[in-house]
Amino acid sequence: MAWKEEILRESKETLAHLQEDSQKEPDIADRASSETDWSIELRTRDRQRKLITKIDAAIGRLSKGEYGYCEVTGEPIKLERLEARPIAMMSLEAQEEHEKFEKVHRDS
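Here it is as C-alpha coordinates:
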(Lines of atoms letter the chains of each structure in order from A; the text may use other names.)
(Lines give C-alpha, C1' and ligand atoms only; values in the text may rest on other atoms or scores of the structure.)
Protein backbone atom coordinates (compact mmCIF):
# COMPACT_ATOMS: atom_id res chain seq x y z
CA MET A 1 0.00 0.00 0.00
CA ALA A 2 2.86 2.40 0.73
CA TRP A 3 4.11 1.82 -2.83
CA LYS A 4 0.74 2.81 -4.26
CA GLU A 5 0.40 5.85 -1.96
CA GLU A 6 3.85 7.09 -2.97
CA ILE A 7 2.99 6.81 -6.66
CA LEU A 8 -0.26 8.71 -6.15
CA ARG A 9 1.52 11.43 -4.16
CA GLU A 10 4.18 11.81 -6.87
CA SER A 11 1.48 12.03 -9.55
CA LYS A 12 -0.24 14.88 -7.71
CA GLU A 13 3.09 16.68 -7.34
CA THR A 14 3.77 16.29 -11.06
CA LEU A 15 0.39 17.75 -12.00
CA ALA A 16 0.91 20.70 -9.66
CA HIS A 17 4.40 21.25 -11.08
CA LEU A 18 3.13 21.14 -14.67
CA GLN A 19 0.39 23.65 -13.90
CA GLU A 20 2.86 26.03 -12.23
CA ASP A 21 5.48 25.83 -14.96
CA SER A 22 3.11 26.19 -17.90
CA GLN A 23 3.09 29.98 -17.43
CA LYS A 24 6.83 30.53 -16.80
CA GLU A 25 8.53 30.03 -20.17
CA PRO A 26 8.41 33.14 -22.41
CA ASP A 27 11.35 31.98 -24.59
CA ILE A 28 10.32 29.50 -27.28
CA ALA A 29 13.48 27.37 -26.87
CA ASP A 30 12.96 27.19 -23.11
CA ARG A 31 9.32 26.33 -23.64
CA ALA A 32 10.24 23.53 -26.08
CA SER A 33 12.72 22.12 -23.59
CA SER A 34 10.12 22.27 -20.83
CA GLU A 35 7.55 20.54 -23.01
CA THR A 36 10.01 17.73 -23.71
CA ASP A 37 10.62 17.36 -19.97
CA TRP A 38 6.87 17.35 -19.34
CA SER A 39 6.33 14.71 -21.99
CA ILE A 40 8.88 12.43 -20.35
CA GLU A 41 7.35 13.08 -16.94
CA LEU A 42 3.84 12.33 -18.20
CA ARG A 43 5.00 9.04 -19.75
CA THR A 44 6.56 8.12 -16.42
CA ARG A 45 3.31 8.94 -14.64
CA ASP A 46 1.36 6.87 -17.18
CA ARG A 47 3.58 3.87 -16.45
CA GLN A 48 3.00 4.46 -12.75
CA ARG A 49 -0.76 4.66 -13.30
CA LYS A 50 -0.59 1.26 -14.97
CA LEU A 51 1.48 0.01 -12.03
CA ILE A 52 -1.27 1.13 -9.64
CA THR A 53 -3.74 -0.94 -11.64
CA LYS A 54 -1.44 -3.94 -11.26
CA ILE A 55 -1.05 -3.29 -7.53
CA ASP A 56 -4.84 -3.18 -7.15
CA ALA A 57 -5.12 -6.44 -9.11
CA ALA A 58 -2.53 -8.08 -6.83
CA ILE A 59 -4.48 -6.92 -3.78
CA GLY A 60 -7.63 -8.39 -5.34
CA ARG A 61 -5.88 -11.72 -5.92
CA LEU A 62 -4.66 -11.63 -2.34
CA SER A 63 -8.17 -11.13 -0.98
CA LYS A 64 -9.45 -14.03 -3.13
CA GLY A 65 -6.63 -16.31 -2.02
CA GLU A 66 -5.22 -16.41 -5.55
CA TYR A 67 -2.08 -14.34 -4.95
CA GLY A 68 1.19 -16.11 -5.65
CA TYR A 69 -0.22 -18.53 -8.21
CA CYS A 70 0.55 -18.37 -11.92
CA GLU A 71 -2.52 -17.29 -13.91
CA VAL A 72 -1.40 -19.52 -16.80
CA THR A 73 -0.35 -22.75 -15.10
CA GLY A 74 -1.98 -22.42 -11.69
CA GLU A 75 1.33 -23.40 -10.11
CA PRO A 76 2.84 -21.39 -7.24
CA ILE A 77 5.09 -18.52 -8.29
CA LYS A 78 8.53 -18.80 -6.69
CA LEU A 79 9.02 -16.63 -3.63
CA GLU A 80 12.14 -15.03 -5.12
CA ARG A 81 10.08 -13.78 -8.07
CA LEU A 82 7.35 -12.42 -5.83
CA GLU A 83 9.92 -10.66 -3.67
CA ALA A 84 11.48 -9.08 -6.76
CA ARG A 85 8.14 -8.31 -8.43
CA PRO A 86 5.22 -8.45 -5.97
CA ILE A 87 2.70 -7.80 -8.77
CA ALA A 88 3.81 -10.84 -10.81
CA MET A 89 0.86 -12.76 -12.24
CA MET A 90 2.88 -15.47 -13.96
CA SER A 91 5.74 -17.73 -13.04
CA LEU A 92 9.05 -16.79 -14.60
CA GLU A 93 8.75 -19.65 -17.07
CA ALA A 94 5.21 -18.69 -18.11
CA GLN A 95 6.25 -15.02 -18.41
CA GLU A 96 9.17 -15.95 -20.67
CA GLU A 97 6.86 -18.03 -22.89
CA HIS A 98 4.36 -15.19 -23.01
CA GLU A 99 7.07 -12.72 -24.05
CA LYS A 100 8.34 -15.09 -26.77
CA PHE A 101 4.79 -15.45 -28.09
CA GLU A 102 4.27 -11.67 -28.06
CA LYS A 103 7.56 -11.08 -29.88
CA VAL A 104 6.78 -13.64 -32.59
CA HIS A 105 3.32 -12.22 -33.22
CA ARG A 106 4.44 -8.60 -33.03
CA ASP A 107 7.26 -9.17 -35.54
CA SER A 108 5.13 -11.03 -38.06
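This note's numbering puts the sequence shown at residues 1 to 108. Glycine residues also receive a C-beta, built at the ideal position from the N, C-alpha and C atoms.
Residue i - partner residues in DSSP beta bridges
| i | result |
| --- | --- |
| residue 76 | 69 |
Where residue i falls, given that 16 or more other Cβ within 10 Å makes a residue buried
| i | result |
| --- | --- |
| residue 28 | exposed |
| residue 91 | buried |
Euclidean distance between Cα positions of residue i and residue j
| i | j | result |
| --- | --- | --- |
| residue 78 | residue 13 | 36 Å |
| residue 74 | residue 54 | 18 Å |
| residue 69 | residue 33 | 45 Å |
| residue 42 | residue 36 | 10 Å |
| residue 45 | residue 72 | 29 Å |
| residue 52 | residue 7 | 8 Å |
| residue 101 | residue 94 | 11 Å |
| residue 80 | residue 96 | 16 Å |
| residue 82 | residue 40 | 29 Å |
| residue 31 | residue 48 | 25 Å |
| residue 5 | residue 104 | 37 Å |
Where the alpha helix (DSSP H) through residue i begins and ends
| i | result |
| --- | --- |
| residue 30 | 28 to 64 |
| residue 106 | 92 to 107 |
Any 3 or more C-beta pairs closer than 8 Å across the region 51 to 67 and the region 80 to 92: Yes, they touch.
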